[in-house]
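Anchor point for the sequence shown: position 159 equals 213 in our numbering, and the numbering is continuous, going up by one each time.
All residues carry an ideal CB built from backbone N, CA and C; glycine is no exception.
For reference, the structure is listed below as structure tokens.
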Amino acid sequence: MNTSVLVVEDEHAIRELLVFTCENSGMEVRGASNVAEARKMLEAKIPDIILLDWMLPDCSGLEWLKEIRKSEFYKKIPVIMVTARSLEDDKVIGLEKGADDYIVKPFSPKELIARIKAVIRRHGSENEEKKIIKCGDLTMDPQDFEVFVKDKKINLSVVEFKILFLLASHPGRVYSRSQVIDNVWGYGADIDERTIDVHMLRLRKQLADTSMKHFVETVRGLGYKAIKQ
Ligand code: CA
């Protein structure tokens, strides 16, 4: 399968160069010009790697990186910071905040591709295992948000997928509603806890005709958990 890349860069010419360079080496690329766009693209599909500019119009790349690293769902995505900053201190900050590598503009296409491949190789084996979850008859593929029970495809919204993925990643562990919110929407998101119950209801409805109908359990006064299979 082709390597999928999400490029987040507000300067049109540089974004085009990044996209072109990656496409030229057979990668599948999506480009975003700000963090809001990038968030939407992440929701649609998880890329194999993110190339992230530091200075973006709506939110600094570094701030968004911190957000990604706190998300149960996105924290494993490798990120290369692409930036005009070349100060050694900045590089250290970027790596401390969870960047996997750092590339300074202007860069050579060859160097860029070499770095992408090296970072993906480093993550490779770990990521392969993380990609698909199997729990009893349930299979979840976070790359394209697909859920199956045996051979039956289950239709879930992205939010419902994320909730189920969180629970199914740690069967037996109880998640409070606020922990679910932190993991699915991000820390400090302003979401009513009752919203979780609405999503849970729909989630269970979708599983109701399957062998996994008792998979998600309410733990009275605490939250929700997935049953160990
Ligand atoms: Ca920029």
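| request: Grab me the residues of I122's own chain with a C-beta within less than 6 Å of its C-beta, minus the 5 sequence neighbours each way, in chain order. | output: Y128
| field | By C-beta, the residues closer than 6 Å to any heavy atom of ligand 1, given in chain order | value | D64, E65, D107, M109, L110
| Going by alpha carbons, who is nearest to S265 out of C189, K120, Y156, R169? | C189
| How would you call M254, buried or exposed, if buried means at least 16 neighbouring beta carbons within 10 angstroms? | buried
| Where are the alpha helix (DSSP H) runs, 4 residues long or more, that stay fully inside the segment 240 to 279, in chain order? | 247 to 261
| query | Which residue's Cα is closest to the Cα of V62: D251, L261, G115? | reply | G115
| task | Look up Y229 in the DSSP assignment and give the residues it is bridged to. | result | Y278
| message | Quick check on DSSP: helix, strand or coil for T137? | response | strand
| request: Pull up the distance between the alpha-carbon of D144 and that of A243, whole angstroms please. | output: 28 Å
| request: Give the DSSP bridge partners of A86, in chain order. | output: V62
| What are the residues that DSSP puts in a beta bridge with I208? | V201
| message | Measuring straight from C-alpha to C-alpha, what distance separates V327 and E65? | response | Outside the displayed range of the chain (55 to 283) lies residue 327, so it cannot be described from this structure.
| Between the CA atoms of S58 and A222 - distance to the nearest angstrom | 25 Å
| task | Spatial neighbours of A90 within its chain, please: CB distance less than 7 Å, with the 5 preceding and 5 following residues excluded, ordered by chain position. | result | D112
| query | In or out: K216 buried (at least 16 other Cβ within 10 Å) or exposed? | reply | buried
| field | Within 9 Å, strictly: CB atoms of D154 and I134 | value | yes
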